[in-house]
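So the structure is just underneath, and the comments pick up after that.
Residue numbers (this note's numbering): -4 to 392.
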């Protein structure tokens, strides 16, 4: 192996060990608890949310427990690897590692693996043989959760990596408030950037990259301005119910194009959808979905709203928290509306979110109606900054 290639590998491993000393990510702990099985672990989520850092934190812990030579980290966006991005590169790096350290690594980290042509077969084979514990990350532009699962054929466990939770945000900025988080959001580089203008520029850049690279380039979207208009409209009106007719009138797009563009925005982790709650799947599918931003800071940065609207952001924050917890939130709408419905065993739990300390009577009335309409239902009212902060702390968000 050329010396420059191995030096690049060594530099990335040194970088990963250093990165592992940053703000501890909760998802890294969840992955740590799942190391016992044979499955490959894969990490997916928005760009710049910290997938590589999560792997670096795992590598750091494993290095301390089993020795540095037990881990090997390969970043396939390294310029030195240009023109060599095939499984043969992985084999060559492994062989050189064995020559240098007199043994193969136990833990293999493949970062931005989508750049390697034919990586899927290599990872499946390595996982089947049990030669290494494999960790994989991929750009949201090319590899999503569903694509990883299909590619690895049941040989992988997936972990969604989102921007900092409020708990992680407070570790980075101990003096920051909940309102700061509602404005800044949780993207690590944005949180650690002290200049407000630079924070705004970073968030705008993340949005533009998602539109241009993760959607337009990947799906050959020609009408990028209208795609962007739709994205901005949804982000500005997160949590609101709107029909395809309203979106069609606003954008001029056909119903099919609207559905397609919304699915693209979801696949790029710009937004996520919350369906209607119903015991009938058909009825649930007939009703419109609500959409929320994956990061309240990004939504605030690109939104066309001139109001801070902390109430809507608080609702969005709870929606993100429920997704982070894997709770698959829905909403309830009949005579009144309940923001979210999640399952607790076989019981539905209705959740309303209000940023006011003294919520309007309609908030409790909606929960009472929901409880009366659904046997054994539970209800939760998160009212005010203090209650929201306590909910975030109790749920690890």
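Even for Gly, the Cβ is constructed at its ideal location relative to N, Cα and C.
Touching by the beta-carbon criterion (3+ pairs, under 8 Å), the stretch 99 to 109 and the stretch 61 to 70: yes
Taking 6 Å as the limit between beta carbons, can you name the residues of its chain near residue 282, skipping five residues before and five after? The count along the chain shown starts at 1 and reaches residue 282 at position 287. Taken in chain order, the residues that qualify are 271.
Compute the distance between the beta-carbons of residue 267 and residue 289, then report whether it is under 8 Å. One-based indexing of the chain shown puts residue 267 at position 272. One-based indexing of the chain shown puts residue 289 at position 294. A contact, by the Cβ cut-off of 8 Å.
First and last residue of the uninterrupted alpha helix (DSSP H) at residue 361: Along the chain shown, read from residue 1 onward, the residue named residue 361 stands at position 366. Here the alpha helix (DSSP H) through residue 361 covers 356 to 368.
Note down, in chain order, each residue of its chain lying with its Cβ closer than 6 Å to the Cβ of residue 222, except the 5 sequence neighbours on either side. For the purposes of this step, residue 222 is identified with residue 227 of the chain shown, where counting begins at 1. Cβ within range, chain order: 216, 256.
Between the Cα of residue 350 and those of 110, 173, 245, 309, spot the shortest distance and give me the residue it belongs to. The sequence position of residue 350 within the chain shown is 355, counting from 1. Nearest C-alpha to residue 350: 309.
What does DSSP give as the partner residues of residue 378 in its beta bridges? Counting from 1 along the chain shown, the entry for residue 378 is found at position 383. Its beta-bridge partners are 349.
What did DSSP end up calling residue 132 once you bin it into helix, strand or coil? Counting from one through the chain shown, the residue named residue 132 turns up at place 137. Residue state, collapsed to three classes: strand.
How do the stretch 306 to 325 and the stretch 227 to 239 stand: do at least 3 beta-carbon pairs fall below 8 Å, yes or no? yes
Residue 53: buried (16+ other C-beta within 10 angstroms of its C-beta) or exposed? Stepping through the chain shown from its first residue, residue 53 is reached at position 58. So residue 53 counts as buried.
Mapping the DSSP letters down to three states, classify residue 17 as helix, strand or coil. For the purposes of this step, residue 17 is taken as residue 22 along the chain shown, with counting starting at 1. Coil, per DSSP.
So what does DSSP say about residue 343, is it helix, strand or coil? Locating residue 343 in the chain shown gives position 348, where the first residue counts as 1. In this structure, residue 343 counts as strand in the three-state DSSP scheme.
If you run the structure through DSSP and keep just helix, strand and coil, what is residue 8? For the purposes of this step, residue 8 is taken as the residue at position 13 of the chain shown. Note: residue 8 maps to helix in three-state DSSP.
Identify every residue that forms a DSSP beta bridge with residue 106. The residue labelled residue 106 in the question sits at position 111 within the chain shown. DSSP output for residue 106 lists 70 as bridge partner(s).
I need the straight-line Cα distance from residue 120 to residue 126, nearest angstrom please. As a first step, residue 120 must be located in the chain shown, where it is residue number 125. As a first step, residue 126 must be located in the chain shown, where it is residue number 131. Taking the straight line from one Cα to the other gives about 9 Å.
What first and last residue would you give for the alpha helix (DSSP H) that runs through residue 192? As a working mapping, residue 192 is identified with position 197 in the chain shown. Here the alpha helix (DSSP H) through residue 192 covers 191 to 204.
Exposed or buried, what is residue 182 when buried is set at 16 or more other beta-carbons lying within 10 Å of its beta-carbon? Here residue 182 corresponds to residue number 187 of the chain shown, with the count starting at 1. Label assigned to residue 182: buried.
Quick one: residues in its chain with C-beta nearer than 7 Å to the C-beta of residue 134, no 5 flanking neighbours on either side, listed in chain order? By one-based count along the chain shown, residue 134 stands at place 139. For residue 134, where only same-chain residues beyond five positions count, the Cβ hits under 7 Å are 42, 107, 109.
Quick check on the DSSP output: the beta strand (DSSP E) that includes residue 325 runs from which residue to which? Sequence index remark: in the chain shown, residue 325 carries index 330 (1-based). 325 to 328 is the span of the beta strand (DSSP E), which, as asked, contains residue 325.
Are three or more beta carbon pairs between the stretch 162 to 176 and the stretch 12 to 23 nearer than 8 Å? yes
For residue 273, the three-state DSSP class (helix, strand or coil): What you label residue 273 is simply residue 278 of the chain shown in a count that begins at 1. In the structure shown, residue 273 sits in coil (DSSP, three-state: anything other than H, G, I, E or B).
How would you label residue 194, buried or exposed, when you count the other beta carbons within 10 angstroms and need 16 or more for buried? For this step, residue 194 is matched to residue 199 along the chain shown. That one is buried.
Cβ-Cβ separation, residue 71 to residue 111 (assumed contact under 8 Å), whole Å: As a first step, residue 111 is located in the chain shown; it is residue number 116 there, counting from the start. As a first step, residue 71 is located in the chain shown; it is residue number 76 there, counting from the start. Yes, they are in contact, since the Cβ atoms of residue 111 and residue 71 sit about 6 Å apart, within 8 Å.
Residue 299 in three-state terms, based on DSSP: Counting from 1 along the chain shown, the entry for residue 299 is found at position 304. Looking at residue 299 - three-state DSSP - the assignment turns out to be coil, as it is neither helix nor strand.
Is residue 337 closer than 8 Å to residue 344 when the C-beta atoms are compared? Locating residue 344 in the chain shown gives position 349, counting from the first residue. Locating residue 337 in the chain shown gives position 342, counting from the first residue. Against a cut-off of 8 Å, the Cβ pair of residue 337 and residue 344 comes out as a contact.
Quick check on residue 219: buried or exposed, where buried means 16 or more other Cβ atoms within 10 Å of its Cβ? Locating residue 219 in the chain shown gives position 224, where the first residue counts as 1. It counts as exposed.
Where does the unbroken alpha helix (DSSP H) through residue 306 begin, and where does it stop? Position 311 of the chain shown holds residue 306. First-last of the alpha helix (DSSP H) with residue 306: 305 to 319.
Note down the Cα distance separating residue 472 from residue 74, rounded to an integer number of angstroms. Past the edges of the chain, shown from -4 to 392, lies residue 472, and the structure says nothing about it.
Looking only at its chain, what residues have a beta carbon closer than 8 Å to the beta carbon of residue 12, apart from the 5 residues adjacent to it on each side? The residue you call residue 12 lines up with position 17 of the chain shown. Only 51, 54, 55, 58, 63 meet the Cβ criterion.
Inspect the beta-carbon positions of residue 150 and residue 28 and report whether they are closer than 8 Å. In the chain shown, counting from the first residue as 1, residue 150 sits at position 155. In the chain shown, counting from the first residue as 1, residue 28 sits at position 33. No, they are not a contact pair.
For residue 204 versus residue 132, is the C-beta spacing smaller than 8 Å? For the purposes of this step, residue 204 is taken as residue 209 along the chain shown, with counting starting at 1. For the purposes of this step, residue 132 is taken as residue 137 along the chain shown, with counting starting at 1. It is not a contact, given that the beta carbons lie outside the stated cut-off.
Chain-order list of residues whose beta-carbon lies under 6 Å from that of residue 298 (same chain, five-residue window excluded): Position 303 of the chain shown, counting from 1, holds the residue named residue 298. For residue 298, where only same-chain residues beyond five positions count, the Cβ hits under 6 Å are 230, 231.
How is the alpha helix (DSSP H) around residue 39 delimited, first residue to last? Locating residue 39 in the chain shown gives position 44, counting from the first residue. Counting along the chain, residue 39 falls outside any alpha helix (DSSP H), though it belongs to the beta strand (DSSP E) covering 35 to 39.
Tell me whether the beta-carbon of residue 373 lies closer than 8 Å to the beta-carbon of residue 326. As a working mapping, residue 373 is identified with position 378 in the chain shown. As a working mapping, residue 326 is identified with position 331 in the chain shown. Their beta carbons are not under 8 Å apart, which means residue 373 does not touch residue 326 by this criterion.
Beta-carbon proximity list for residue 250, same chain, < 8 Å, skipping 5 on both sides: Indexing the chain shown from 1 puts residue 250 at position 255. Taken in chain order, the residues that qualify are 239, 243.
Residues near residue 273 in its chain [Cβ-Cβ closer than 6 Å; skip 5 each side]: Position 278 of the chain shown, counted from the start, is the residue given in the question as residue 273. Once the five neighbours on either side are set aside, the close Cβ partners of residue 273 are 279.
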